[in-house]
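Heads up, the thing below is written out as structure tokens.
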Amino acid sequence: MHTSSLDERTEERIAMERDTRTHPESADTFLHKYAFVAPFIPAPFRSLKLGYLLTPLLPFIASIAVYMSLHAFPHMHFEEAPILLAVILVSVCWGLLPGLIASMVGILFFVYVITPPINQFSLTDHEDLFSLVMFGVTCLSLSLLTSQLQRARIVAQQARKEAEKANLMMDDFVSIVAHELRTPLTGAKASIQLSMRQIQQAKVTQQDREKMLKSLQRHMSRAIQQLDLQNRLVRDLLDASRVRTKRLEIHPECCNLVDIVSENIENQRLLNPERVISYSGPSVDMIPLDADSDRVGQVLANYLSNALKYSDASKPVAVDVKLEKTQVRVSVRDQGPGLTREQQQHIWERFYRVPGMYVRSGSGVGLGLGLYICRSTIELHGGHVGVQSAPGQGSTFWFTLPLIDTASNEE
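Per the numbering used here, the very first residue in the sequence shown carries number 3; after that it's consecutive.
This is the structure:
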């Protein structure tokens, strides 16, 4: 909920390492689509722009070196080897497109710089033409093979890192699930043990019997509340699994949003009698929806429990319902610590927990799944979710649902 991602400490956000991928700033452009930056390149030179700058420069340097060597050693063989090495180097470091550019530059230097000192090159000479074609094919093949090999190596390295992150996430998740499921069980067990102890020590007088019954009722209510918490945790786990596998189901029927909102506000007031929960909305008794009332109530209950949990006990929580043209908007506003823009972008993700956010009132039980489930539930209804917040100014979580077209129904 207002919660921070299990992978926050290894920061996942399930994000790829930027330096082992295509350049992040222009990943969709042609120049970056077929290029990458190899991870072994030193940090000062880890730039795709620098790669494109060196693409013609390296074959040029190799050609000049060959040209000077041929003057010193006229009978030197394999004079094209330095250019091929330059093409391989560019392809391994910066990818396919830079490698192809280096190949074309290398071919030009081979024809106009390296070949003339040895013999006069002519396109009409079949032997010269064949040599040129074979050199070009060799350059292009080396560029393609080496760049694809390097890209495959980068992808494999990234897959290994993602697997390690997934293992860390799973370890964290198992730890949190074990802790959170144990917490309500411990509370329920303590309440039941207190009740049993009171029964064993009870006196038989009528007055003591009445006191004991009241105490037992209080302990049993506490045990039921803790078991309800555990039931909610298990439900969230199942719903999150259904959302991920696209098996979350809703059963829409005609229902009244006014009743759903009133019922959930009253439930939260009973659970948190010391808190102030205000309501503002249209002066109507009926806001018809074609929706799963239980699921919509689950979303509102989640919004309310978060607002109560992450704001001080002395601060009120406000629920607002607004009728718009074709939809209704429900919002829950708290006076908690608020969220940054970055946190607002990630708050709907599975397992996300806001770093440094702690429970200010009530129970801290939660797995970081609630808002993830809320978003999926509302989207299945054809609505939208969102949050408006700023650090130190509280948060307003909202969702919209389409209204029933009563005019069409009457027709």
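Idealized CB from N, CA, C, for every residue including glycine.
Range of the contiguous beta strand (DSSP E) that encloses residue i
{"i": "Y281", "result": "279-282"}
{"i": "D322", "result": "319-325"}
{"i": "D296", "result": "Note, D296: premise wrong, no beta strand (DSSP E); alpha helix (DSSP H) at 295-311."}
{"i": "H386", "result": "386-391"}
{"i": "N269", "result": "Here N269 belongs to no beta strand (DSSP E); instead the alpha helix (DSSP H) covers 259-273."}
{"i": "V332", "result": "329-335"}
Own chain residues within Cβ distance below 6 Å of residue i, not counting five before or after
{"i": "Q345", "result": "V356"}
{"i": "I103", "result": "T57"}
{"i": "A303", "result": "N266"}
{"i": "T402", "result": "Q329, R331, G385, H386"}
{"i": "D322", "result": "S282, S333"}
{"i": "V94", "result": "T148, Q152"}
{"i": "E27", "result": "With a pLDDT of 40 at E27, under the threshold of 50, the predicted position of this residue should be treated as unreliable, though the coordinate-derived value follows. Counting only Cβ-Cβ distances below 6 Å, and skipping sequence neighbours, we find nothing."}
{"i": "I90", "result": "L144, T148"}
{"i": "S193", "result": "H221, R224, A225"}
{"i": "R23", "result": "Any reading at R23 needs caution, since the residue's pLDDT is 41, under 50, leaving its predicted position unreliable; the model's value is listed next. Counting only Cβ-Cβ distances below 6 Å, and skipping sequence neighbours, we find nothing."}
{"i": "D407", "result": "none"}
{"i": "L2", "result": "For residue 2 there is no data in the structure shown, the boundaries of the chain being 3 and 413."}
{"i": "I262", "result": "S295, V298, G299"}
{"i": "D314", "result": "R362"}
{"i": "A320", "result": "S280, R335"}
Residue from the options whose Cα sits closest to the Cα of residue i
{"i": "F399", "options": "Y312, L405, G364, L231", "result": "Y312"}
{"i": "L235", "options": "S197, Q300, E212", "result": "Q300"}
{"i": "A225", "options": "G189, V361, M198", "result": "G189"}
{"i": "S223", "options": "K191, D238, I252, T247", "result": "K191"}
{"i": "V361", "options": "A242, A309, S333", "result": "A309"}
{"i": "D230", "options": "A168, L187, L250, E251", "result": "L187"}
{"i": "S378", "options": "K324, T247, S307", "result": "T247"}
{"i": "Q227", "options": "E212, L273, R155, E268", "result": "L273"}
{"i": "L306", "options": "K317, S143, D336", "result": "D336"}
{"i": "I43", "options": "C141, I156, L87, M136", "result": "I156"}
{"i": "S264", "options": "L240, V139, V389, P284", "result": "P284"}
{"i": "R343", "options": "V389, L142, E326, K327", "result": "V389"}
{"i": "H383", "options": "L405, S363, G364", "result": "L405"}
{"i": "S316", "options": "M136, R277, I380, S105", "result": "R277"}
{"i": "I252", "options": "C376, M359, P46", "result": "C376"}
{"i": "V286", "options": "K324, P275, E268", "result": "K324"}
{"i": "I380", "options": "A67, F62, V245", "result": "V245"}
{"i": "P318", "options": "S363, Q195, K327, A168", "result": "S363"}
{"i": "Y54", "options": "A37, R199, E166, R211", "result": "A37"}
{"i": "F62", "options": "P46, M214, V92, F47", "result": "V92"}
Beta-carbon separation (whole angstroms), residue i vs residue j, contact threshold 8 Å
{"i": "G338", "j": "S397", "result": "6 Å"}
{"i": "L60", "j": "A40", "result": "Not really, about 14 Å apart at Cβ, beyond 8 Å."}
{"i": "L170", "j": "L369", "result": "Between L369 and L170 the Cβ distance is about 16 Å, and since that is not below 8 Å, they are no contact."}
Proximal residues to residue i (C-beta, below 7 Å), its chain only, five neighbours per side dropped
{"i": "S197", "result": "L218, H221, M222"}
{"i": "G340", "result": "S391, A392, P393, G394, Q395, G396, S397"}
{"i": "R271", "result": "I279"}
{"i": "R352", "result": "A242, L371, Y374"}
Endpoints, alpha helix (DSSP H) assigned at residue i
{"i": "T398", "result": "No alpha helix (DSSP H) holds T398; the beta strand (DSSP E) holding it covers 397-404."}
{"i": "R343", "result": "343-348"}
{"i": "A88", "result": "83-96"}
{"i": "R48", "result": "Run containing R48: none; DSSP gives neither H nor E here."}
{"i": "T379", "result": "372-382"}
Inter-stretch contact (C-beta, 8 Å, three-pair minimum) for the region 85-103 and the region 144-155:
yes
Kindly confirm or deny that the region 240-258 and the region 288-305 touch, where touching means at least three C-beta pairs closer than 8 Å.
yes
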